[in-house]
Ligand code: NDP
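Numbering (this note's numbering), first residue to last: 69 to 518.
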């Protein structure tokens, strides 16, 4: 009996029309085959059937009034996927593309990512199909407050601790935290990514991007190579992309691209971090404006992208850092990346590559770090923020960054040694999935049928 196949078929029946979730589940379960064949207890305890089913899914209506006085209605989601290792932990995404499948795939990935950090955190995720783009501060605040009016009853510092993701940064977390405090009367570490003056951790904002670069450094060092001097492709222009670019410069590499939903910037001399931060962190403007500041940079409009992928992956380079969104690297992009000499990929975004693209990277045996390992620095530092909150301390940036570097090195070590144990030493997708799964599954068995 092929119970992995049966589990995947079962999912498509019990949770119809959730393609992103099936993609994430299939990747993990297929990687588990050699483990499940050699360790019968996971099957005996029905771990596969249990791990693909969220412990709790909350869906709710979010109503708010826009600046014109019109009532708007959005959907809100929180998936509390697995609490075997600790309180649910995972970000909130505000983007018009958000639906139950996207939140579910993100929550599922989060279980294994959080397990890889070695820290006591379970997996969860949430968000809304609300589009923050073009909204006034007042509209953002009213939406966040309404979202919190329902979510507050499901979260808490030892039950579920949300953070940011696409469309949710310091401003949104501030508004949601304020409303939580107003509703509960409690000043406690219920969110991570908070402002530095009210419970945030130094280094959290930078952690996902910095961590993705540290992971690439580990990948390269394992091959007696180094990130220094490498020409790098980065996609995205948000939190993860900006701090990936910043760390690449600090380590002597040259990031030459970034992108947003409108288009891609190719700046052969190196992306200007100051201009990027000005446009995205201060003005919240389109990347189109970048070329007004740099006449030697090129802008490629999204409508001119190749039909089978993304312009950013068609440029010659040594390393690539997808930092925008899921499935942003197609099979054709993967072919182009390999043909153009890219031999190291560290994913800042979640499920950045399609299944076919991942297959190409594994076949080519390049240094490939899947998102659930490479971008785990964000959630790991969130857990450091929780530790600081519960002990009422604030650590120095140096202390947080040292811990982040050690965690990323440890995640790489776990992925690499597990891949080796299963005779596929260059397949860190398999290494990440098995290493993460074992920790969660063993905890589930020890905690009984719950
Ligand atoms: P931001 O909202 O700060 O930035 C997202 C960037 O990606 C923006 O430049 C946005 O363009 C672009 N983008 C988003 N969706 C699309 C799309 N459908 N097509 C093209 N471009 C798109 O989000 P983050 O930087 O926080 O998140 C980026 C990725 O990293 C996500 O996959 C997220 O899940 C992952 N991640 C984030 C973590 C964190 O700590 N923030 C932790 C771990 C993973 P535009 O500016 O036009 O909207």
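Even glycine gets a Cβ: it sits at the ideal position worked out from N, Cα and C.
Going along the chain, which residues of its own chain have a beta-carbon closer than 8 Å to the beta-carbon of residue i, five neighbours each way excluded?
i           : result
residue 313 : 277, 302, 323, 326, 339, 341, 344
residue 359 : 333, 365, 366, 367
residue 382 : 374, 401, 404, 408
residue 453 : 257, 260, 261, 262, 267, 268, 269, 272
residue 330 : 354, 355, 356, 369, 370
If we count the other Cβ atoms within 10 Å of its Cβ and call it buried at 16 or more, is residue i buried or exposed?
i           : result
residue 436 : buried
residue 137 : exposed
residue 466 : exposed
residue 450 : buried
residue 335 : buried
residue 361 : exposed
residue 127 : exposed
residue 391 : buried
residue 474 : exposed
residue 419 : buried
residue 229 : buried
residue 196 : buried
residue 422 : buried
residue 264 : exposed
residue 482 : buried
residue 96  : buried
residue 486 : buried
residue 458 : exposed
residue 84  : exposed
residue 447 : buried
Please report the straight-line C-alpha distance between residue i and residue j, rounded to a whole angstrom.
i           : j           : result
residue 75  : residue 117 : 6 Å
residue 368 : residue 502 : 39 Å
residue 311 : residue 89  : 28 Å
residue 370 : residue 108 : 49 Å
residue 305 : residue 112 : 46 Å
residue 171 : residue 92  : 11 Å
residue 348 : residue 354 : 8 Å
residue 499 : residue 231 : 26 Å
residue 291 : residue 456 : 36 Å
residue 252 : residue 220 : 8 Å
residue 508 : residue 319 : 34 Å
residue 393 : residue 236 : 14 Å
residue 260 : residue 315 : 22 Å
residue 385 : residue 299 : 5 Å
residue 86  : residue 504 : 23 Å
residue 193 : residue 404 : 33 Å
residue 379 : residue 166 : 24 Å
residue 101 : residue 81  : 22 Å
residue 408 : residue 431 : 16 Å
residue 484 : residue 200 : 39 Å
residue 184 : residue 142 : 34 Å
residue 410 : residue 293 : 13 Å
residue 491 : residue 103 : 12 Å
residue 140 : residue 130 : 8 Å
residue 99  : residue 351 : 43 Å
residue 516 : residue 506 : 16 Å
residue 135 : residue 144 : 21 Å
residue 249 : residue 174 : 27 Å
residue 328 : residue 472 : 27 Å
residue 245 : residue 468 : 23 Å
residue 206 : residue 470 : 38 Å
residue 227 : residue 309 : 30 Å
residue 222 : residue 198 : 20 Å
residue 158 : residue 396 : 21 Å
residue 417 : residue 439 : 6 Å
Can you name, in chain order, every residue of its own chain whose Cβ lies under 6 Å from the Cβ of residue i, other than the five neighbours on each side?
i           : result
residue 377 : 398, 400, 401
residue 414 : 280, 283, 284, 389, 437, 442
residue 494 : 433
residue 513 : 113
residue 247 : 213, 216
residue 321 : 295, 298, 300
residue 125 : 147
So, at 7 Å on beta carbons, what are the nonlocal neighbours of residue i in its own chain, with the 5 sequence-adjacent residues on each side left out?
i           : result
residue 120 : 75, 79, 93
residue 476 : 279, 282, 283, 286, 445
residue 357 : 347
residue 188 : 153, 154
Residue i CB to nearest chain C CB: under 7 Å?
i           : result
residue 179 : Absent from the structure: chain C. Only one protein chain is present.
Checklist entry - Taking one C-beta from the segment 420-437 and one from the segment 254-267 each time, how about it: are there three or more such pairs within less than 8 Å? => result By the Cβ test, the segment 420-437 is not in contact with the segment 254-267, since fewer than three Cβ pairs between them sit closer than 8 Å.
Checklist entry - Counting pairs of Cβ atoms below 8 Å between the segment 170-183 and the segment 151-161, do you hit three or more? => result Touching, per the Cβ criterion.
Item to check | Stretch pair the segment 157-167 + the segment 227-247: three plus CB contacts closer than 8 Å | outcome: Touching, yes, given that three or more Cβ pairs across the two stretches are closer than 8 Å.
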